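Undergrad: Please see the structure below; I have some questions.
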Amino acid sequence: MVIYPIPVEVTQARIQLVVDQNAKAPQHTINQDLQAVYHAKAAAIEAALANLQTEEASALDVKV
């Protein structure tokens, strides 16, 4: 399981979703907010995995 801090983009997307839900926004607006949360999470996971792969590559670069 990859542990990483929650990026600001994910937090902002979640806050916007809650604001729109509390304001009884139209359903298409809430759907857009949900998509924004999913996209932000996916981007954060991809960035964390890319960072993990580069760290592993540098750790394995052993010179004899």
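Numbering (the numbering used here) for the sequence shown: -1 to 62.
The beta carbon of each residue, even a glycine, is placed where N, CA and C say it ideally should be.
Predicted model only: the values in this text are computed from it and were never measured.
Could you give the first and the last residue of the continuous alpha helix (DSSP H) run that contains I4?
TA: As a first step, residue 4 is located in the sequence shown; it is residue number 6 there, counting from the start. Neither: I4 is in no alpha helix (DSSP H) and is coded neither H nor E.
Undergrad: Can you find the residues in the same chain that come closer than 8 Å, C-beta to C-beta, to V8, ignoring five residues on each side of it along the sequence?
TA: Stepping through the sequence shown from its first residue, residue 8 is reached at position 10. The residues are V35, A38, K39 and A42.
Undergrad: Got a sec? Which residues, its chain only, sit under 6 Å from P5 by beta carbon, not counting five neighbours each side?
TA: Reading the sequence shown from its first residue, position 7 is the one you call residue 5. Cβ within range, chain order: A42.
Undergrad: DSSP three-state label for A48, please.
TA: One-based indexing of the sequence shown puts residue 48 at position 50. Note: A48 maps to helix in three-state DSSP.
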